[in-house]
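Student: Here the sequence shown stands for residues -14 to 944, numbered as in the numbering used here. Every residue, glycine too, gets a C-beta built ideally from N, C-alpha and C. On a predicted model such as this, the values are computed, not experimentally measured, just so you know. Shown below is the structure under consideration.
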Amino acid sequence: MADAADTVESPAHSGESRGRDYRETVFLPETPFPMRGGLPQKEPAIIEQWGDLYSALRKQRQAEGAPLYVLHDGPPYANGDIHIGHALNKTLKDFVVRSRFLLGHDVDYVPGWDCHGLPIENAIEKLHGRNLPRDEVQAKSRAFATEQIAGQMADFKRLGVLGEWDNPYRTMDFGNEANEIRALKRIMERGLVYRGLKPVYWCFDCGSSLAEFEIEYQDKKSTTLDVGFECAEPEKLAAAFGLPKLDQPAYAVIWTTTAWTIPANQALNLNPELEYALVQTERGLLVLAAVLVEKCMERYQLSGKVLATTQGKNLGLINFKHPLYDVKDENGVSGYQRFSPVYLADYATAEDGTGLVHSSPAYGVDDFNSCVAHGMVFDDILNPVQGDGRYAPDFALFGGLNIWKAVPVVIEALRNAGRLFATHDITHSYPHCWRHKTPVIYRAAAQWFVRMDEGEGVFTKDKAAKTLRQLALAAIEETSFFPENGKARLRDMIAGRPDWCISRQRNWGVPLPFFIHKDSGELHPRTMDIMDQAASMVEAGGIEAWSKVTAEEILGAADAAHYTKVNDILDVWFDSGTTHFHVLKNSHKDQSTWPADLYLEGHDQHRGWFHSSLLTACAMYDHAPYKGLLTHGFTVDGQGRKMSKSVGNVVAPQQISEKMGAEIIRLWCAATDYSGDLGIDDKILARVVDGYRRIRNTLRFLLANVSDFDPVKDAVPADQLLEIDRYALARAAELQNEILGHYEVYEFHPVVAKLQVYCSEDLGAFYLDVLKDRLYTTAPKSLARRSAQTALWQITHAMLRWMAPFLSFTAEEAWKVFGTSESIFMETYSDLGTPNAALLSKWSRIRDIRDVVNKDIEALRADGKVGASLQAEVTLTVGADDHALLASLGDDLKFVFITSAIKLVAGDDVSTSVEASKHAKCERCWHYREDVGHDATHPTLCGRCTSNLYGAGEERKVA
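As structure tokens, then:
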């Protein structure tokens, strides 16, 4: 109830009332928080204000004894400007950081950069030319990476990303380079490192081997070949098929998509359990899988008769001639007079082709394993393809040719030799280098590997109790995945992957500090001590220090004469894959913990950083380096296409920040379901901007209507709040429980969706709509108005915190108007108590009935029979339960329905009768009331307005 101090001074008694403009007596809200965001102009100042916010937050949380939360940063590569994918990734991480701070955690987030590897080497070659000395490549690469990091850091800060920017980690920091060597040593002690000749993925553009993580599959056009190998032992072949002899030359026919491997063929593979047929044709006797004879005859355009069949196991070790056996070069020299024995292998199948597989052990893992298992020694394996993709210059017939360009030459040679049975072009999925987007091959090379399964390693000290594959698969079962389908993806990759090739033949990277005996190929017996020495040197002077050191300086002159210094570097995925060790356990160990709570990257990192980190951590500690993995999709345009400069659909985050504000990027990230690919284009951004304006306008209304509210003096106790205000707080508490639940499991788009619905439906279309009359027309300090402001004040506090993780700039801007502490992020989520279930249920039903009434009023408005809903007088018929519910609102029912009058009638179902009021409209509150003009001094005012202005004020009980 208002007292004399709450009323507005009446000019009526001075004779000024008649003809007065009462608009000045309506308490319209005011706030310095503007309607227009002006984000591009305001954000830089807020970023500057946040300069030391991260460190201040950590100090505050640590002083409060808050639980530690570690988000370990997957390092972007220090090369080039950031793109929208970078922006997405870093912004999602920022949502995690800020929401965890607001949840009351001490959040450790150290931004990092991946600095070594081929892309930077390529950039140096483009800038300074090829064939630079190793020392110069390393020096220029370090300087280039440093420059790139500075640019990327500025762009990440512009997005509003909080983190330890003054002390990031870089894989090229001397301490990190040294600890990478120490991590390798530990993995060696566990018996998991060995040197071997194996076919590994090889990229000619990289000039180096590639890891599984660096492979992606794309369609490639290839030429298939059916090639005949003439039998060198026809008597054995006849016996295998149960025939006395062969009347024609016989050929084992293989099918392949890699014509360039035929010159290096050394064996044939047949499945021991498959049935093979000897088929008589115009071109001789052909050995084919029995189930494929008909298809092959059709492909070769031959007619055939099966003479006999036998199981593959009966054909083992029979020799066939290389298909170019009789071909001579221009000098009359034959380079292919060798036999290809039949080896039995399960990987030869009858799914396609001929059921026979030709084997070039240097260029296929299965081929290699089969040949080695049958006794072929490494020195006998033919490996004519060089690192640049060309055959060795002295290789017969094809020396010096690029293998891709050699394909038609090989085909023509086979045709001329009479060994080509068919050839066709196909398009199929093929491995490509994910950097160069060019086809790769398997190529045998002496490399260093981390072993996945049983076997011996070099310098084993305390062998792991289980294989690395077993340890990694077990660790996956203990990891939480967001979304859950990431678990199967990572598990499948670990289950099927080969040993990890960790050596690379490049300059810019962490060295393998090894010395190999020139004769035996063995490591120096002091290797483990040398690794400690190398780590100390690198820690003091970087990888450059080890590059400059000679064998004599490390081994002494006597030993140095017998050893060769290895110049290989570690796979760049070993760099980033061991950051859990050299960052969490070393460079930032005083502020962090191991394992991290979360790793967050794109879903391609199941074969990248997630994968390599899991392997190194399990190799070192038998455990994953993370408790949870969050994966997000790729950025695409509005039509789902990849970003491409040639297509012209690239969206640059720098341009969005400049034109619309980084806040729009943040809201786009938050509003989009990151579990799939995320579309972005001008139309999508326009919708984001529209959504932002709706939220901002709601926030502005809230701030304006509490601008004259002091919670210390003006707050109404909870038990004295009007019922609709208590309902509004219950609804806010209910929503907050949902929002915090989403934040706990890193779900951001439901938060945005629910916040937008809350602003438009719960607040805009209901609570704030109902509240306007009370806020604008009751006495400024009345219980009715202060009750509304008490609820709005608490809702504003809660809403600012809900939106702060993603609308961080706007929340901070509003906090400067509304809050009392230095930053909204110094706060934690509001305590709104337990939602009142009974109140929520009651008002949910009231709102449903209100919607029915509003539809009928809208129908009259459409017909022009009423203007605003206040002009309507409603007769509302409801059932007994609803009647009791609505009757409990008393005279305030009309305020809830925003009508000038409403009459309740008991009945069965909900029905309404709406008609236009016949009464006059109050000039001040716009209600149509019978008592307008009751006071001749104020002929245009209703009784409630004269009371609110000049009397004791109206009493509100519910709304």
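Taking the C-alpha atoms as reference points, what is the distance between residue 663 and residue 785?
Tutor: Those two C-alpha atoms are separated by around 26 Å.
Student: Please classify residue 552 as buried or exposed, where buried requires at least 16 neighbouring CB atoms within 10 angstroms.
Tutor: By the 10 Å Cβ count, residue 552 comes out exposed.
Student: Would you list, in sequence order, the uninterrupted alpha helix (DSSP H) runs of no fewer than 4 residues that lie entirely inside the segment 552 to 582?
Tutor: The segment 552 to 582 contains these whole alpha helix (DSSP H) runs: 557 to 562, 564 to 567.
Student: Which of helix, strand or coil does DSSP assign to residue 931?
Tutor: Helix, per DSSP.
Student: Rounded to whole angstroms, how far is the Cβ of residue 690 from the Cβ of residue 760, which I believe are closer than 8 Å?
Tutor: The Cβ separation is near 5 Å, so the contact holds.
Student: Going straight from the alpha carbon of residue 122 to that of residue 433, what length do you get?
Tutor: Looking at the two C-alpha atoms, the distance is approximately 23 Å.
Student: Can you round the beta-carbon distance between residue 200 and residue 558 to whole angstroms, since I take them to be within the 8 Å contact cut?
Tutor: About 12 Å separates the two Cβ atoms, so there is no contact after all.
Student: Does the contact criterion of 3 or more C-beta pairs under 8 Å hold for the segment 102 to 114 versus the segment 129 to 149?
Tutor: These segments touch.
Student: Quick one: what's got a C-beta closer than 8 Å to residue 415's C-beta in the same chain, skipping five residues either side?
Tutor: Within the same chain, residue 415 has close Cβ partners 202, 203, 204, 205, 207, 424.
Student: Along the chain, where does the alpha helix (DSSP H) containing residue 281 start, and where does it finish?
Tutor: Start and end: 278 to 285.
Student: Less than 8 Å separating the beta-carbons of residue 350 and residue 255?
Tutor: Result no, Cβ atoms of residue 350 and residue 255 do not sit closer than 8 Å.
Student: Tell me whether residue 411 is buried or exposed, calling it buried when 16 or more other Cβ atoms sit within 10 Å of its Cβ.
Tutor: When all chains shown are included, residue 411 counts as exposed.
Student: Comparing C-alpha positions only, which one of 876, 407, 643 sits nearest to residue 209?
Tutor: Among 876, 407, 643, the Cα nearest to that of residue 209 is on 407.
Student: Under DSSP, the beta strand (DSSP E) around residue 292 begins and ends at which residues?
Tutor: Looking at the DSSP string, the run of the beta strand (DSSP E) that includes residue 292 is 290 to 296.
Student: Helix, strand or coil for residue 180? Go by DSSP, reduced to three states.
Tutor: DSSP places residue 180 in strand when its eight states are reduced to three.
Student: If you scan the segment 64 to 96 from start to end, which runs of the alpha helix (DSSP H) of 4 or more residues do you find wholly inside it?
Tutor: Within the segment 64 to 96, the complete alpha helix (DSSP H) runs of at least 4 residues are 69 to 87.
Student: Quick one, are the C-beta atoms of residue 52 and residue 99 less than 8 Å apart?
Tutor: Taking 8 Å as the Cβ cut-off, residue 52 and residue 99 do not qualify as a contacting pair.
Student: Does residue 65 pass the burial test, meaning 16 or more other C-beta atoms within 10 Å, or should it be called exposed?
Tutor: By the 10 Å Cβ count, residue 65 comes out exposed.
Student: Consult DSSP for residue 951 and reduce its assignment to one of helix, strand or coil.
Tutor: Nothing about residue 951 can be read from this structure; the chain reaches only from -14 to 944.
Student: Under the criterion of a Cβ to heavy atom distance below 7 Å, does residue 200 qualify as lining the ligand GTP?
Tutor: This structure lacks the ligand GTP, and indeed carries no ligand of any kind.
Student: List in chain order: all unbroken beta strand (DSSP E) runs of 3+ residues lying wholly within the segment 426 to 462.
Tutor: Listed in chain order, the complete beta strand (DSSP E) runs (minimum 3 residues) inside the segment 426 to 462 are 426 to 435.
Student: Name the two residues that bound the continuous beta strand (DSSP E) containing residue 326.
Tutor: Where residue 326 is concerned, the enclosing beta strand (DSSP E) stretches over 324 to 329.
Student: Could you tell me whether the segment 264 to 273 touches the segment 230 to 247, using the rule of 3 or more Cβ pairs below 8 Å?
Tutor: Cβ pair count under 8 Å is three or more, so yes.
Student: Report yes if the C-beta distance between residue 802 and residue 877 is below 8 Å; otherwise report no.
Tutor: Cβ atoms of residue 802 and residue 877: not closer than 8 Å.
Student: So, with DSSP's three-state summary, where would you put residue 316?
Tutor: Three-state result, residue 316: coil.
Student: Looking only at its chain, what residues have a beta carbon closer than 7 Å to the beta carbon of residue 855, apart from the 5 residues adjacent to it on each side?
Tutor: Around residue 855: 883, 884, 885, 911, 912, 913.
Student: Three or more C-beta pairs closer than 8 Å, one from the segment 12 to 27 and one from the segment 675 to 691: is that the case here?
Tutor: Contact holds: three or more Cβ-Cβ distances are below 8 Å.
Student: So is residue 194 buried or exposed if we call it buried at 16+ other beta carbons inside 10 Å?
Tutor: The residue is buried, with at least 16 neighbouring Cβ atoms inside 10 Å.
Student: Can you find the residues in the same chain that come closer than 8 Å, C-beta to C-beta, to residue 142, ignoring five residues on each side of it along the sequence?
Tutor: Cβ within range, chain order: 32, 150.
Student: Counting along the chain, where does the alpha helix (DSSP H) carrying residue 769 start and finish?
Tutor: Counting along the chain, the alpha helix (DSSP H) containing residue 769 begins and ends at 768 to 788.
Student: At a cut of 8 Å, does the segment 596 to 615 reach the segment 558 to 576 through at least three beta carbon pairs?
Tutor: Short answer: they touch.
Student: Specify, as a first and last residue, the run of the alpha helix (DSSP H) that residue 836 falls within.
Tutor: 822 to 847 is the span of the alpha helix (DSSP H), which, as asked, contains residue 836.
Student: For residue 230, which of helix, strand or coil comes out of DSSP?
Tutor: In the structure shown, residue 230 sits in coil (DSSP, three-state: anything other than H, G, I, E or B).
Student: Who are the Cβ neighbours of residue 758 in its own chain at under 7 Å, not counting the five residues just before and after it?
Tutor: Correct list, in chain order: 880, 910.
Student: Could you pull out every unbroken beta strand (DSSP E) segment of at least 3 residues lying fully inside the segment 193 to 250, listed in chain order?
Tutor: The qualifying runs are 193 to 195, 200 to 215, 235 to 241.
Student: Residue 182: which of 347, 903, 844, 536 sits nearest, CA to CA?
Tutor: The residue with the shortest Cα to Cα distance from residue 182 is 347.
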